[in-house]
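J.:
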Amino acid sequence: MKQVIQRFTLVGLLALLAGTLFAAAQQAPPAPGHLAPPPPPPGQHGPPNPVIGMAGPALHELGLSREQREQIHVLVRNALEDEFGQLLEAFGEARRALELAIWSSSSSEQDLALASQTVAERASQLEFARHQLAREILDLLTEDQRAAFQQALAEAPSHPGPPRAPRASRGPRGGPPSR
Numbered sequence: 000m001k002q003v004i005q006r007f008t009l010v011g012l013l014a015l016l017a018g019t020l021f022a023a024a025q026q027a028p029p030a031p032g033h034l035a036p037p038p039p040p041p042g043q044h045g046p047p048n049p050v051i052g053m054a055g056p057a058l059h060e061l062g063l064s065r066e067q068r069e070q071i072h073v074l075v076r077n078a079l080e081d082e083f084g085q086l087l088e089a090f091g092e093a094r095r096a097l098e099l100a101i102w103s104s105s106s107s108e109q110d111l112a113l114a115s116q117t118v119a120e121r122a123s124q125l126e127f128a129r130h131q132l133a134r135e136i137l138d139l140l141t142e143d144q145r146a147a148f149q150q151a152l153a154e155a156p157s158h159p160g161p162p163r164a165p166r167a168s169r170g171p172r173g174g175p176p177s178r
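In numbering that gives the first Met the number 0, the protein residues as written are 0 to 178.
Next comes the structure, spelled out in structure tokens:
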């Protein structure tokens with residue numbers, strides 16, 4: 000039973016961080032010859048920043064002073080150029096190794112468990128670094144801003160994108176309905 004709980008916890012962490020990496024990839028410039036994704040509709044924000052996550056839209060709505068915005072940008076930029084960037088790269092490498100192990104016919108359960116454990120360790124390191132950054136950002140906010148920020152986070156949707164159509168109205172493989 001303990002192994003089942005550990006595996007579900009690991010899968011949850013992997014899903015969370017895969018979403019973070021997906022968001023990071025969405026913010027990268029398009030490859031030559033490829034079109035950039037369309038901007039989000041008015042009133043909606045794009046994918047979450049891999050460092051700030053779901054706090055980005057909440058911070059954006061606080062009406063921060065120019066000085067606060069600049070300080071936050073410096074904190075985020077420094078994090079990416081320093082430890083966080085290295086941790087993000089290490090996580091990406093661990094995630095890639097896990098994907099290769101998953102799709103290798105010669106991988107054993109022990110190989111998958113080891114690769115999964117490495118991903119979980121890298122994920123934990125990333126989240127601790129994000130938490131440290133979050134504390135530094137929260138220190139820049141006034142008490143009223145922190146309260147409004149916490150309220151905005153509590154009310155934020157769990158899925159950052161637009162609502163998905165009900166399953167019955169989607170077509171094969173999640174695409175548009177067949178006609």
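We treat Cβ as the ideally placed atom computed from N, Cα and C, and that holds for glycine. In this text, all values refer to a predicted model and were calculated from it rather than measured experimentally.
Alpha carbon to alpha carbon, how far is Ala-151 from Glu-60?
T.: Distance between the alpha carbons of Ala-151 and Glu-60: 9 Å.
J.: For Gly-52, name the three-state secondary structure that DSSP assigns.
T.: Gly-52: strand per DSSP, three-state reduction.
J.: Check for me: the alpha helix (DSSP H) holding Gly-91 runs from which residue to which?
T.: 82-101 is the span of the alpha helix (DSSP H), which, as asked, contains Gly-91.
J.: Distance check for Gln-124 and Glu-82, CA to CA, integer angstroms please.
T.: Each residue's Cα considered, the two are about 10 Å apart.
J.: As a quick exercise: from Thr-117, Ala-153, Ala-122 and Leu-63, pick the residue whose alpha carbon is nearest that of Gln-144.
T.: Residue Leu-63 is the option with its Cα nearest to Gln-144.
J.: Around the Cβ of Pro-156, are there at least 16 other Cβ atoms within 10 angstroms (buried) or fewer (exposed)?
T.: Its Cβ having fewer than 16 others within 10 Å, Pro-156 is exposed.
J.: When DSSP labels each residue in this structure, what does Leu-79 get in the three-state scheme?
T.: Here Leu-79 sits in helix by DSSP.
J.: Do you know how far the Cα of Ser-103 is from the Cα of Gln-181?
T.: Coverage of the chain is limited to positions 0 through 178, which leaves residue 181 absent and any answer about it impossible.
J.: By DSSP, does Ala-155 sit in helix, in strand, or in coil?
T.: Ala-155: coil per DSSP, three-state reduction.
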